[in-house]
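**Q**
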Amino acid sequence: MLIAMAGLPGAGKSTIAGILGGRLNASVVSVDPIESAILAAGIDSDQPTGLAAYLVAETMAELVLDSGHHVIVDAVNAVNPAREQWVTLAAKQSEQVRFIEVVCSDVDVHRRRLETRGQRHPHVDEPTWHAVEQSLDDYADWSGPSAAVARITLDSVQPLGVNVDLAFAFLQN
Numbered sequence: 518m519l520i521a522m523a524g525l526p527g528a529g530k531s532t533i534a535g536i537l538g539g540r541l542n543a544s545v546v547s548v549d550p551i552e553s554a555i556l557a558a559g560i561d562s563d564q565p566t567g568l569a570a571y572l573v574a575e576t577m578a579e580l581v582l583d584s585g586h587h588v589i590v591d592a593v594n595a596v597n598p599a600r601e602q603w604v605t606l607a608a609k610q611s612e613q614v615r616f617i618e619v620v621c622s623d624v625d626v627h628r629r630r631l632e633t634r635g636q637r638h639p640h641v642d643e644p645t646w647h648a649v650e651q652s653l654d655d656y657a658d659w660s661g662p663s664a665a666v667a668r669i670t671l672d673s674v675q676p677l678g679v680n681v682d683l684a685f686a687f688l689q690n
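Written out as structure tokens, the structure reads:
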């Protein structure tokens, strides 16, 4: 199974993805450290490093699926072309795809999480709260092929254990 996370930076996607990866014995392929590695290699930040990171993540996810294991793709997946990338890969591999969207309904909590998490990847600037607010405007409604795929939306103001259990139950159906 291919599991694709979605949600704004700081919403809690990576935390949930990591725990689910352990529970499911699934590989977690995360776009942010891939982009950091691309930048560490000397590729200029004015290049489409984000797109490159998504394409590398797709290749890695395909290799994991080829080996017969579940894979969780940890990425913002804010726009339909990104989401459809995972739908297409799953179809190509004759695998299921499920989306887990993580939101944070409490603006103050979301902002605090983002502002206190520190630098996680040395070559990628952590998004500012202002950037997250702007990206909210660009976060596309679910439409096209990805809208027809099974999806759960988790609110990270709920306890982490509750969200992990909800996600795990969703993936078991």
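Per this note's numbering, residue 518 is the first one in the sequence shown, and the count goes up by one each step. The beta carbon of each residue, even a glycine, is placed where N, CA and C say it ideally should be. This structure is a prediction, so every number in the text was calculated from the model and none was measured.
(1) Compute the beta-carbon to beta-carbon distance between A514 and V548, rounded to the nearest angstrom, for a pair I have assumed lies under 8 Å.
(2) Going along the chain, which residues of its own chain have a beta-carbon closer than 7 Å to the beta-carbon of E612, five neighbours each way excluded?
(3) Closer than 8 Å is the cut-off here; do at least three beta carbon pairs connect the region 529-546 with the region 555-562?
(4) DSSP state of E643, grouped into three classes?
(5) Could you check how far apart the C-beta atoms of V674 and D623 are, in whole angstroms? I think they sit under 8 Å.
(6) In chain order, what residues of the same chain have a beta carbon less than 7 Å from the beta carbon of E632, not counting five sequence neighbours either side?
(7) Please state whether the Cβ-Cβ distance between A604 and V666 is less than 7 Å.
(8) Going by DSSP, name the residue or residues bridged to T670.
(9) Could you tell me if L671 is buried or exposed, where buried requires 16 or more neighbouring beta carbons within 10 angstroms of its beta carbon?
(10) Which whole-angstrom value is the C-beta distance of A521 and V619, which I expect to be below 8 Å?
(11) Can you check DSSP and say which residues form a bridge with V545?
(12) Restricting to runs no shorter than 4 residues, where is the alpha helix (DSSP H) found entirely within the region 556-585?
(13) Identify the residues that DSSP records as bridge partners of I536: which are they?
(14) What are the boundary residues of the beta strand (DSSP E) that includes L519?
**A** According to the structure data:
(1) Since the first residue shown for the chain is 518 and the last is 690, residue 514 is missing from the structure and cannot be characterised.
(2) Position 95 of the sequence shown holds residue 612. Cβ within range, chain order: M518, L519, L582.
(3) no
(4) One-based indexing of the sequence shown puts residue 643 at position 126. DSSP places E643 in coil when its eight states are reduced to three.
(5) By 1-based counting over the sequence shown, the position of residue 674 is 157. By 1-based counting over the sequence shown, the position of residue 623 is 106. V674 to D623, Cβ: 5 Å. Contact.
(6) Your numbering for residue 632 matches position 115 in the sequence shown. Once the five neighbours on either side are set aside, the close Cβ partners of E632 are W646.
(7) Taking the first residue of the sequence shown as 1, we reach residue 604 at position 87. Taking the first residue of the sequence shown as 1, we reach residue 666 at position 149. Per the sequence shown, the amino acid found at residue 604 is Val instead of Ala. Cβ distance < 7 Å, so V604 and V666 count as in contact.
(8) Counting from one through the sequence shown, the residue named residue 670 turns up at place 153. According to DSSP, T670 bridges with E618.
(9) Position 154 of the sequence shown, counting from 1, holds the residue named residue 671. Buried, since its Cβ has 16 or more Cβ neighbours within 10 Å.
(10) Your numbering for residue 521 matches position 4 in the sequence shown. Your numbering for residue 619 matches position 102 in the sequence shown. The pair is not a contact, with the Cβ atoms about 11 Å apart (cut-off 8 Å).
(11) Looking up residue 545 in the sequence shown gives position 28. According to DSSP, which records beta bridges pairwise, V545 is partnered with I589.
(12) 566-583
(13) Here residue 536 corresponds to residue number 19 of the sequence shown, with the count starting at 1. Answer is none; I536 lacks a bridge partner.
(14) On the sequence shown, residue 519 is found 2 positions in, with the first residue counted as 1. Here the beta strand (DSSP E) through L519 covers 519-523.
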